[in-house]
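S.K.: Numbering (my numbering), first residue to last: 38 to 616.
Structure incoming, see below.
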Amino acid sequence: MEIKQGIGVSPGVVIANAVVLDAEEYRIQHKYVSADETAGELQRLTRGFEASLTEVDMLRDTMARQLGRDIAAIFDFHHNILSQNRLRDEISALITTNNYSAAYATRDICHGYQQRFLQMEDLLLRERVRDIRDIERRLLRHLSGHGGEDLYELAGSKILIAHDLTPSQSAHLAQTRVAGVAMDAGGLTSHTAIVVRSMGIPAVMGLNNISQVALEDDTVILDGTKGLVIVRPNEDMLAEYRVEEKRMQDLASDLITLRDKPAVTQDGVEVTLLSNIEFPYESKTSLDKGAQGIGLYRTEFLYLRSEEEPTEDEHYQAYHAVIKSMGDKPVTIRTLDLGADKYTKSQSREPERNPFLGLRSIRYCLQNLEPFKVQLRAILRASVEGDVRIMFPLISGLMELRQAKMALGDAMEDLEEKDIPFRRDIPIGIMVETPAAALQIRELMREVSFVSIGTNDLIQYTLAVDRGNERVAPLYTASHPSVLRTLRDIIRKADHAKVPCSLCGEMAGEPMYTLLLLGLGLRIFSMAPSDVPEIKKVIRVTTISQAVRVAGRVLRFDTDRQVSNYLRDQTRKISPELL
Ligand code: PEP
Ligand code: MG
Numbered sequence: 038m039e040i041k042q043g044i045g046v047s048p049g050v051v052i053a054n055a056v057v058l059d060a061e062e063y064r065i066q067h068k069y070v071s072a073d074e075t076a077g078e079l080q081r082l083t084r085g086f087e088a089s090l091t092e093v094d095m096l097r098d099t100m101a102r103q104l105g106r107d108i109a110a111i112f113d114f115h116h117n118i119l120s121q122n123r124l125r126d127e128i129s130a131l132i133t134t135n136n137y138s139a140a141y142a143t144r145d146i147c148h149g150y151q152q153r154f155l156q157m158e159d160l161l162l163r164e165r166v167r168d169i170r171d172i173e174r175r176l177l178r179h180l181s182g183h184g185g186e187d188l189y190e191l192a193g194s195k196i197l198i199a200h201d202l203t204p205s206q207s208a209h210l211a212q213t214r215v216a217g218v219a220m221d222a223g224g225l226t227s228h229t230a231i232v233v234r235s236m237g238i239p240a241v242m243g244l245n246n247i248s249q250v251a252l253e254d255d256t257v258i259l260d261g262t263k264g265l266v267i268v269r270p271n272e273d274m275l276a277e278y279r280v281e282e283k284r285m286q287d288l289a290s291d292l293i294t295l296r297d298k299p300a301v302t303q304d305g306v307e308v309t310l311l312s313n314i315e316f317p318y319e320s321k322t323s324l325d326k327g328a329q330g331i332g333l334y335r336t337e338f339l340y341l342r343s344e345e346e347p348t349e350d351e352h353y354q355a356y357h358a359v360i361k362s363m364g365d366k367p368v369t370i371r372t373l374d375l376g377a378d379k380y381t382k383s384q385s386r387e388p389e390r391n392p393f394l395g396l397r398s399i400r401y402c403l404q405n406l407e408p409f410k411v412q413l414r415a416i417l418r419a420s421v422e423g424d425v426r427i428m429f430p431l432i433s434g435l436m437e438l439r440q441a442k443m444a445l446g447d448a449m450e451d452l453e454e455k456d457i458p459f460r461r462d463i464p465i466g467i468m469v470e471t472p473a474a475a476l477q478i479r480e481l482m483r484e485v486s487f488v489s490i491g492t493n494d495l496i497q498y499t500l501a502v503d504r505g506n507e508r509v510a511p512l513y514t515a516s517h518p519s520v521l522r523t524l525r526d527i528i529r530k531a532d533h534a535k536v537p538c539s540l541c542g543e544m545a546g547e548p549m550y551t552l553l554l555l556g557l558g559l560r561i562f563s564m565a566p567s568d569v570p571e572i573k574k575v576i577r578v579t580t581i582s583q584a585v586r587v588a589g590r591v592l593r594f595d596t597d598r599q600v601s602n603y604l605r606d607q608t609r610k611i612s613p614e615l616l
């Protein structure tokens, strides 16, 4: 038995046999061809490019239908490389001048590109190596007469084990029946992670050498919730996980029945459950899970999918798609939150010494007003199509809020000049993510229609702990008494000022904090769509008076450990199946 710990990128438990995808290299039969064979090689190359392009376009269409245009855009780069002449011309030149075979010339040129991309400082460009490798494999497959994509042939419900998946292989997952995915490479925000999460396939990544540890047909336990993969488990482990697998399945079917039921406590207090999304297609998942609207639409993902800045129309199309699928439910669009851990191409060229304390989020937008206004105009245009709200991230003072509003005013004028309709009184809100905003919340609330507490950042800035640094990960906790007092104060002041206050950090989707947050007075929660049913379940089995008692007790504890232990105990008492 071998137990490997990685990063759980898509939750759920599965037990199945392994199918190990080897890092396949196509064997190239001949390096050289005779002079009179070069014409044939050139024709073969042209056919290889044509077949590859057709395949990529088909993949892009299928993906767009199944997962939305944003994810399908992964293949724009492949389409461009295969349809423009540059790569083909360079390969053709090698065939003609060196008498290389088409396959050998293809490998030679593609490897050259991979080396050049690998040496680039720009992180996004370096990641292009995987795309070039993908294009090379596809071309070589056609040049060597191999048939269809390898993943199509995956039979039965297996756990797919691989070193890494190319973007096209992850796209193919949608057509296979894989039960789980385990990879050496990858992390939470990789393409593959996004795809498997959206398809609900449990997955663990960042396992280093799982593709060497697991052999074809080995029994494997994959726990995407805990980020564990157990290869060749012993009987005890297998028995334990069979119970866990069954429990998760029962819980999932139990939670589905809650979808259309209200999030109301036993003593009749209604709570609003919203969802956080990154891509338009997730609005459908949000509705399927019973969310009552979108509390946080992280629009910066529009930027990260492509090398070009999105146009006003691309912004608009994305917002329009979400608003249309949500009907009359609220859609809160957060303006660009770039910087820190989410870089555009141009930002990544100028690394900062302390990026989380640097030019990120609203600060970046206020120094780059043109792209900011492009986004604001698109949101305003979409504002007449539904219940749209606009939210500014990382506000740390009044001047910043006023400047952001001025930019919004400018965007309104631009539209007025062109007679384009928009909602002038669109509700404006801010995220409370800095201690500065929390301490000045009263003044800020006089100038906004709503606030949303972003605990992911608020915790890191309150505790001075980088939220993405695994070396200090144990210090990063929502249970710290200082964080809890800050939350109490924000919620209390919002209540006095009668300003709607939601919480949209990960904490909102963790069942162990639901009682506490209810007890502190929170009535609007926004979380990943998949978390909505569990949180609804906790709300439906408790009373506000019980939650107030729990919160009162928690606020008297001195350490985060006491807080976490107590909250876990209390949640287990009312909803044992969730923890
Ligand atoms: C937060 O900081 O809590 C938040 C919701 O924003 P993000 O995770 O996108 O920084
Ligand atoms: Mg944030």
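Backbone N, C-alpha and C fix where the C-beta goes; we use that ideal spot for every residue, glycine too.
Just so we're clear, the structure is a prediction, and the values are computed from it rather than from any experiment.
Who pairs with Leu333 in a beta bridge, going by DSSP?
M.R.: Looking at the DSSP assignment, Leu333 forms a beta bridge with Asn313.
S.K.: From this set, Ile331, Tyr69 and Gln303, which residue's C-alpha is nearest Phe316's C-alpha?
M.R.: Per the Cα distances, Ile331.
S.K.: Determine the extent of the beta strand (DSSP E) in which Val617 is found, giving its start and end residues.
M.R.: Residue 617 lies beyond the residue range present for the chain, which begins at 38 and ends at 616; the question has no answer from this structure.
S.K.: Let me check one thing: in DSSP terms, what residues is Leu265 bridge-paired to?
M.R.: Paired residues: Gln42 and Asp260.
S.K.: Would the beta-carbon of Gln42 fall within 9 Å of that of Gly264?
M.R.: Yes; because the gap between Cβ atoms is below 9 Å, this pair is in contact.
S.K.: Which residue's Cα is closest to the Cα of Gly546: Asp532, Ala531, Arg529 and Ala565?
M.R.: With distances taken between Cα atoms, Gly546 lies closest to Ala565.
S.K.: Within the same chain, show all residues whose beta-carbon is closer than 8 Å to that of Met482, passing over the 5 residues directly before and after it, in chain order.
M.R.: Excluding sequence neighbours, Met482 sits near Val488, Lys530, Ala531, Ala534 and Val536.
S.K.: Go through its chain and collect everything with a Cβ distance to Leu431's Cβ below 6 Å, but skip five positions before and after it.
M.R.: Once the five neighbours on either side are set aside, the close Cβ partners of Leu431 are Ser398, Ile399 and Glu470.
S.K.: Please check the pair Leu82 and Ile132, which I expect to be a contact at CB under 8 Å, by giving their CB distance rounded to whole angstroms.
M.R.: Rounded, the Cβ-Cβ distance is 7 Å, consistent with contact.
S.K.: Drop a sphere of 10 angstroms on the beta-carbon of Gly364, count the other beta-carbons inside from all chains shown, and report buried for 16 or more, exposed for fewer.
M.R.: The residue is exposed, with fewer than 16 neighbouring Cβ atoms inside 10 Å.
S.K.: What residues are listed by DSSP as bridge partners for Phe24?
M.R.: Here the chain covers residues 38 to 616 and nothing more, so residue 24 does not appear.
S.K.: Would the C-beta of Leu373 count as close to the ligand MG, meaning under 8 Å from any of its heavy atoms?
M.R.: Answer for Leu373: no, Cβ out of range of the ligand MG.
S.K.: In chain order, what residues of the same chain have a beta carbon less than 8 Å from the beta carbon of Ser582, not counting five sequence neighbours either side?
M.R.: Asp304, listed in sequence order.
S.K.: CA-CA distance, Gly589 and Thr580?
M.R.: For Gly589 and Thr580, the distance between alpha carbons rounds to 14 Å.
S.K.: Less than 9 Å between the C-beta atoms of Arg371 and Arg414, yes or no?
M.R.: No, the Cβ-Cβ distance between Arg371 and Arg414 is not below 9 Å.
S.K.: Sorry if obvious, but does the Cβ on Asp494 come closer than 8 Å to a heavy atom of the ligand MG?
M.R.: Checking every heavy atom of the ligand MG against the Cβ of Asp494, one is found closer than 8 Å.
S.K.: Less than 9 Å separating the beta-carbons of Leu210 and Thr229?
M.R.: Yes, they are a contact pair.
S.K.: When every heavy atom of the ligand PEP is checked, does at least one fall within less than 8 Å of the C-beta of Met428?
M.R.: Answer for Met428: no, Cβ out of range of the ligand PEP.
S.K.: For Tyr26, which residues in the same chain have their Cβ closer than 8 Å to its Cβ, ignoring the five residues on either side in sequence?
M.R.: As shown, the chain starts at 38 and ends at 616. That puts residue 26 outside it, with no answer to give.
S.K.: On the DSSP bridge list, what partners appear for Phe487?
M.R.: Partner(s): Gly466.
S.K.: Check whether the segment 460-477 touches the segment 409-428, taking contact to mean three or more Cβ pairs, one atom from each stretch, closer than 8 Å.
M.R.: Judged by Cβ distances under 8 Å, the segment 460-477 makes contact with the segment 409-428, as three or more pairs qualify.
S.K.: Hey, Leu128 and Ala142: beta-carbon distance below 9 Å or not?
M.R.: Note that residue 128 is Ile in the sequence shown here, rather than Leu. Yes.
S.K.: Write down the C-beta distance between Ile490 and Leu540 rounded to the nearest angstrom, noting that I regard them as a contact closer than 8 Å.
M.R.: That pair is a contact at about 4 Å.
S.K.: According to DSSP, is Val166 helix, strand or coil?
M.R.: If DSSP states are grouped into helix, strand and coil, Val166 belongs with the helices.
S.K.: Whole angstroms are fine: how far does the CA of Leu373 sit from the CA of Glu337?
M.R.: Spanning the two alpha carbons is a distance of roughly 5 Å.
S.K.: Quick check on DSSP: helix, strand or coil for Cys629?
M.R.: Residue 629 lies beyond the stretch modelled for the chain, which goes from 38 to 616, so this question has no answer here.
S.K.: Less than 9 Å between the C-beta atoms of Ile65 and Leu177, yes or no?
M.R.: Cβ distance < 9 Å, so Ile65 and Leu177 count as in contact.
S.K.: Indicate whether Val411 and Arg460 have their beta-carbon atoms separated by less than 9 Å.
M.R.: For Val411 and Arg460, no; Cβs fall outside 9 Å.
S.K.: Using 8 Å as the threshold, is the segment 495-507 in touch with the segment 548-565, meaning 3 or more CB pairs across them?
M.R.: Segments in contact, no.
S.K.: As a quick exercise: from Glu39, Ala139, Ile314 and Thr213, pick the residue whose alpha carbon is nearest that of Leu252.
M.R.: Nearest option by C-alpha distance: Glu39.
S.K.: Of the residues Arg508, Leu524 and Lys573, which one's Cα is nearest the Cα of Asp494?
M.R.: For Asp494, the nearest C-alpha among the options comes from Leu524.
S.K.: Would a C-beta distance cut-off of 9 Å place Leu476 and Leu452 closer than the cut-off?
M.R.: Their beta carbons are not under 9 Å apart, which means Leu476 does not touch Leu452 by this criterion.
S.K.: Decide if Ile198 is buried, meaning its Cβ has at least 16 other Cβ atoms within 10 Å, or exposed.
M.R.: Buried, by the Cβ-count rule.
S.K.: Give the secondary structure of Arg371 by DSSP, where H, G and I count as helix, E and B as strand, and everything else as coil.
M.R.: DSSP places Arg371 in strand when its eight states are reduced to three.
S.K.: Label Asp273 either buried or exposed according to how many other C-beta atoms from any shown protein chain fall within 10 Å of its C-beta, with 16 as the threshold for buried.
M.R.: Exposed.
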